[in-house]
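S.K.: There's a structure below that I have some questions on.
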Amino acid sequence: SNAGLGRVTPLLFPLLLLLGSARPFKLNVPKVLLPFSRERHVPFVLEAEGGCYSWYSTRHDTVTIEPIYENGTTCSQKALLSTQSTQATKLSSVVIAEELVTGHLLRCDIIVDTINSIEIISRTREIYVEDSPLELTVRALDIEGNTFSSLSGMTFEWSIAKDDDMETLFGLFRILKYSEAEYSPPDYIVEMERAEKQGDKILVSGIKTGAAIIKVRIQEATYKKVAAALVRLLVLENIFLIPSYDVYLLVGAYIKYKVAKIVQGKITGNFFFNISKFTKIFRNFFQVKLKKLKFSAQMIFHLPAETVPSLGKPRFLTLKPDQTDLFLAYLISLVMDLVSYRQTGKSYHQWVPL
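Heads up: the sequence shown runs through residues 61 to 414, numbered per this note's numbering.
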């Protein structure tokens, strides 16, 4: 569209000169890759610096562009791109931004193509029980492996599937709406949640310990053959030792430790113990009780692998709700085992490999 190409008013002219001379002419991106969709015109915002601009597209059947005027001004430094293609094939267009005073031209190449595959992007694969939720985001790729610039407004279907190592997935995870959490999503996600739809971003919260698969697929007939994306997540108890730093003791000295966990941001479970009073019998008692459980000392204590070489590859823990207190006591015995290992080079625990 050639909207915004009208005459510059005399009052605006000094402002344009000031803007044009203050900063260099720049666009926020040189190329944009947008997905083809029959159900949604996927938008993208172009931003320019260094003046006021008029915008136009070389192919209106592929991409349209609409200037954005902010704060009631007639100066546009942003424009909204929208895909218009009706063909499930690769098409391209060029968007030109022309600075109104100097006539300087900025160019952005726009490509519209079909989605070939999707992935789930996460910041971590481990979350804690009743702790801050984890944000998961869909990443879409074309047939060449290029990442799409935006999936804004496209509808996705998120679900939870059972992990092979778990007997049940009931109550492990909860998929949250942003409106239920204290986090601000993009505006299009707010609109989709109001319409009871799911977009390319969700929040996942851990309810109890275990592992499960989070699955997502594109909810559009055009992409019914695109495989669902999967990610395996672990829910852990947020358990730690106090003090949590290295402690050096003289021979015959002792220190009092506390095992605690964080629930909803609060520390609970004040379990004190004295490392000089623990015995091998007590340690072996808990070893027998929980010998079939799998867990990672590295994960719980944040220890480097070389701290306890006998542990081998990482392991993880699956606990039932009624085993929490027993596990806390087992942690105590584990600490004793680590202390013994550092002092004597011997370990009393028999670790169960995955």
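Ideal placement from N, C-alpha and C gives every residue a C-beta, glycine not left out.
Being a predicted model, the structure only gives us computed values, none of them experimental.
Which partner residues does C168 have in the DSSP bridge list?
M.R.: V155
S.K.: Take V161 as the anchor and find which of Y116, C112, A241, V154 has the nearest alpha-carbon.
M.R.: C112
S.K.: Tell me where the alpha helix (DSSP H) around V250 begins and ends.
M.R.: 247-254
S.K.: Can you pull the DSSP bridge partners for I178?
M.R.: A200
S.K.: Report all residues from its chain with a CB closer than 6 Å to the CB of I181; omit the five preceding and five following residues, and keep chain order.
M.R.: T197, R199
S.K.: Report back the beta-carbon spacing between S152 and T122 to the nearest angstrom; my notes put them in contact at under 8 Å.
M.R.: Yes, they are in contact, since the Cβ atoms of S152 and T122 sit about 7 Å apart, within 8 Å.
S.K.: Could you check the C-alpha separation between V319 and P303 for me, to the nearest Å?
M.R.: Pairing V319 with P303, the inter-Cα distance amounts to about 9 Å.
S.K.: Should T207 be flagged as near chain C, meaning a C-beta pair shorter than 8 Å?
M.R.: The structure shown contains no chain C; it is built from a single protein chain.
S.K.: Count the other CB atoms within 10 Å of the CB of S136; is the residue buried (16 or more) or exposed (fewer)?
M.R.: When all chains shown are included, S136 counts as buried.
S.K.: List the whole-angstrom C-beta distance separating F208 from S145, where the pair is believed to meet the contact cut-off of C-beta under 8 Å.
M.R.: Not quite, the Cβ-Cβ distance comes to about 14 Å (not below 8 Å), so this is no contact.
S.K.: Would you mind reading off the limits of the beta strand (DSSP E) that contains R234?
M.R.: 233-236
S.K.: DSSP three-state label for S219, please.
M.R.: strand
S.K.: Considering only the alpha carbon of each residue, which of V154, E195, G163, L309 lies closest to G110?
M.R.: G163
S.K.: Could you please give the first and the last residue of the uninterrupted beta strand (DSSP E) stretch that includes R292?
M.R.: 289-296
S.K.: For S239, which residues in the same chain have their Cβ closer than 6 Å to its Cβ, ignoring the five residues on either side in sequence?
M.R.: E253
S.K.: Closest to A272 by CA distance: which of L294, V286, T215, P90 is it?
M.R.: L294
S.K.: In chain order, what residues of the same chain lie with their CB nearer than 8 Å to the CB of G231, ignoring the 5 residues before and after it?
M.R.: Only residues of its own chain outside the window of five on either side were considered, and among them I267, K268 have a CB closer than 8 Å to the CB of G231, listed in chain order.
S.K.: Do V264 and F233 have their CB atoms nearer than 8 Å?
M.R.: yes
S.K.: Can you tell me which residues form a DSSP beta bridge with S265?
M.R.: R234
S.K.: For Y283, does the three-state DSSP call read helix, strand or coil?
M.R.: Helix.
S.K.: Over what stretch of residues does the beta strand (DSSP E) that includes Q137 continue unbroken?
M.R.: 136-143
S.K.: How many Å lie between G270 and T149 at the Cα?
M.R.: Each residue's alpha carbon lies about 43 Å from the other.
S.K.: Taking the continuous beta strand (DSSP E) assigned at P127, which residues delimit it?
M.R.: Residues 123-129.
S.K.: Looking only at its own chain, which residues have a Cβ that is under 8 Å from the Cβ of K86, when we skip the five neighbours before and after it?
M.R.: Closer than 8 Å at the Cβ level, and outside the excluded window around K86, lie A108, E109, G110, L166.
S.K.: Taking the CB atoms as reference points, tell me whether T118 and V154 lie closer together than 8 Å.
M.R.: yes
S.K.: What does DSSP give as the partner residue(s) for S114 in the beta ladder?
M.R.: According to DSSP, which records beta bridges pairwise, S114 is partnered with E158.
S.K.: DSSP on E107, reduced to helix/strand/coil?
M.R.: strand
S.K.: What first and last residue would you give for the beta strand (DSSP E) that runs through K318?
M.R.: 316-323
S.K.: Count the other CB atoms, across all protein chains shown, that sit within 10 Å of the CB of K261; report buried if there are 16 or more and exposed otherwise.
M.R.: buried
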